[in-house]
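So the structure is just underneath, and the comments pick up after that.
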Amino acid sequence: MKYLFLTMLCLLAAAVQAQQKRDFVLVVHGGAGTILKSKMTTEREKQYNAGLKSALEAGYTILEQGGSALDAVEAAVKVLEDNALFNAGRGAVFTNEGRNELDASVMDGKSRSAGAVAGVTTVKNPVSAARRVMEKSSHVMMSGAGADRFAAEQGLEIVDPSYFFTEDRYRALQKIKAEDSLKTELDHADKKDGSFHFKNTDSKFGTVGAVALDKNGSLAAATSTGGMTNKRYGRVGDSPIIGAGTYADNATCAVSCTGWGEYFIRLVMAKTVSDMMEFGKITLKEAAEEMILRRLPALGGDGGLIAVDSHGNIVMPFNTEGMYRGYIDEKGKPEIKIYKD
Ligand code: ASP
């Protein structure tokens, strides 16, 4: 009898936890990587916090007034794209050839419609181009020159590719190239098999993303990135791939990922979290932690994700040193974190 009572109590506690009810909530990330407090200046930390805060506030204004999760994630990601600190939009990293090729995607959990652009070079806000693909074309993904052209036809702001040039990112490319050529000299095996150096270092991360639950119970997710420093021409990561870097379904959750894209694609990360909830009947927390803390490192990858379920439960797991992240709900107070704590 006592045992039965205790079991029921535990089940009830679990149910209450799973049903945490928020009116609305917005979560953002600004990338995961080797982000160490020991390497961060107070000034820079302040700038990151301010950047994440403005993104949260932009989305909050929309959600608070009863706007859609879709509008909120687009608005939040646009703020981060316009901030050179983050590897998306203005602050995009450089390819091996010294170009900036940007990827973005968006998904609406209500209709499960989605849009994405890959390898654009002239669209100021790739997340808005992704949304136009979703709403104004019969496609889900457009890439390269075609996607740039479509964005221009849609009246989106077009910039000269030099808009994406930032000194910091350019220096990061030179540094990685120098390290790689040194490694090539030391390690002939790499040269013989023609393998391309594509390591995972701090300077490669900084992708941005947002997920939200609105007052009507709808979910949405958006992700935007410059990809990874020194990526090869034409390389596309997980961020614009629906199901890998981004996914949203009102029945389960909305997810936006950041990390070493090749691994996120192979794990079909975002959709797998959703599937684990739907078919495995587990919570968002259990699903996200299983993927980010166990399956991702088991395969050799790293990174993190942000996600929200239809009850407003949020998760922000990562297996790197840090992840720029934060959330805001109906209380209107932005909560921001950078390191592991
Ligand atoms: N996932 C992105 C990519 O592989 C990079 C990142 O999140 O930092 O393109």
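Heads up: the sequence shown is residues 3 to 343, going by this note's numbering.
We treat Cβ as the ideally placed atom computed from N, Cα and C, and that holds for glycine.
Residue(s) in a DSSP beta bridge with residue i
i	result
ILE2	Coverage of the chain is limited to positions 3 through 343, which leaves residue 2 absent and any answer about it impossible.
TYR249	VAL257
ALA223	MET109, VAL213
THR97	LYS233
SER115	ASP110
GLY239	DSSP output for GLY239 lists no bridge partner at all.
ASP331	VAL27
LEU104	VAL122
VAL317	ALA309
ILE160	VAL125
ILE244	THR248
GLY324	GLY35, TYR341
Boundaries (first-last residue) of the alpha helix (DSSP H) holding residue i
i	result
VAL275	271-282
SER130	128-138
SER56	44-66
ASP73	71-83
TYR265	263-268
ARG151	146-155
ALA290	286-291
LEU301	298-301
Rounded Cβ spacing between residue i and residue j (contact assumed at less than 8 Å)
i	j	result
VAL119	GLY211	Actually they do not touch by this definition, with Cβ atoms about 15 Å apart.
THR168	ALA86	5 Å
MET136	SER115	5 Å
VAL29	ILE316	5 Å
GLY314	LEU215	5 Å
VAL213	VAL257	6 Å
ALA250	GLY111	4 Å
ALA90	ALA77	With 8 Å as the limit, ALA90 and ALA77 do not qualify as a contact, their Cβ atoms being about 14 Å apart.
VAL265	ILE37	Rather than Val, the amino acid found at residue 265 in this sequence is Tyr. Contact flag wrong, Cβ pair sits at about 19 Å.
LYS217	LEU65	7 Å
ASN321	ASP304	5 Å
Closest by C-alpha distance to residue i, when choosing among the options
i	options	result
SER164	SER115, ALA94, ALA214, THR227	ALA94
THR97	TYR50, VAL238, ALA309	VAL238
GLU83	PHE266, THR227, ARG296	THR227
GLU99	THR231, ARG268, LEU269, VAL257	THR231
SER113	ASP343, TYR341, VAL81, SER220	SER220
VAL125	GLU103, SER40, ALA250	GLU103
VAL81	PRO128, THR44, GLY117	PRO128
GLY306	TYR341, LYS287, ALA223, GLY261	GLY261
SER40	THR248, GLU323, LYS333	GLU323
MET247	ASP331, THR44, GLY117	The question names Met, yet the displayed sequence has Gly at residue 247. Cα-wise, what sits closest to GLY247 is GLY117.
GLY359	GLY263, ASP251, ARG46, ALA223	This structure leaves residue 359 out entirely; the chain is present only between 3 and 343.
TYR235	ALA153, ALA300, THR123	THR123
ALA272	LYS233, ASP182, ALA154, ALA222	ALA222
ASP25	VAL310, ASN321, ASP182	VAL310
SER312	CYS255, GLU47, LEU301, LYS179	CYS255
CYS259	ALA290, ALA149, LEU58	ALA290
GLN156	GLY32, LYS138, ARG101, TYR50	LYS138
ASP182	LYS233, LYS342, GLY32, THR44	LYS233
GLU288	ASN218, MET318, GLU47, GLY32	MET318
GLU47	PHE88, ALA224, PHE166	PHE88
PHE166	ARG101, ASP73, GLU332, LEU158	ARG101
LEU369	ARG171, ALA74, ALA253	Residue numbering for the chain in the displayed model covers 3 to 343; residue 369 lies beyond these limits and cannot be assessed.
ASP170	ARG92, THR44, ALA153	ARG92
LEU58	GLU45, THR44, ASP73	ASP73
THR225	LYS23, HIS31, LYS179	HIS31
TYR50	GLU159, ALA149, ALA180, GLY208	GLY208
LYS333	THR63, ALA71, ALA300, VAL75	THR63
Beta strand (DSSP E) segment containing residue i, residue limits
i	result
GLY32	27-35
VAL142	VAL142 -> no beta strand (DSSP E), and no H or E assigned at all.
ASP311	305-311
Below-8 Å beta-carbon distance, residue i vs any chain D residue
i	result
VAL122	Of the protein chains in the structure, only one exists, and it is not chain D.
Check: Does the count of Cβ pairs from the region 269-278 and the region 321-341 closer than 8 Å reach three?
Finding: Touching, no.
Next item on the list: Mind the definition here: the region 323-335 touches the region 49-65 only if three or more C-beta pairs lie below 8 Å; say whether that holds.
Entry: Pairwise C-beta distances place the region 323-335 in contact with the region 49-65, as three or more of them are shorter than 8 Å.
Notebook entry, point to check: Are the region 171-184 and the region 130-146 touching, with three or more C-beta to C-beta distances below 8 Å?
Noted result: No, they do not touch.
Item checked: contact_flag[the region 293-309, the region 144-162] where n(CB pairs < 8 Å) is 3 or more -> Because the criterion of three Cβ pairs below 8 Å is not met, the region 293-309 and the region 144-162 do not touch.
Next item on the list: Determine contact between the region 101-108 and the region 239-247, defined as no fewer than three beta-carbon pairs at a distance below 8 Å.
Entry: The region 239-247 and the region 101-108 touch, with three or more beta-carbon pairs separated by less than 8 Å.
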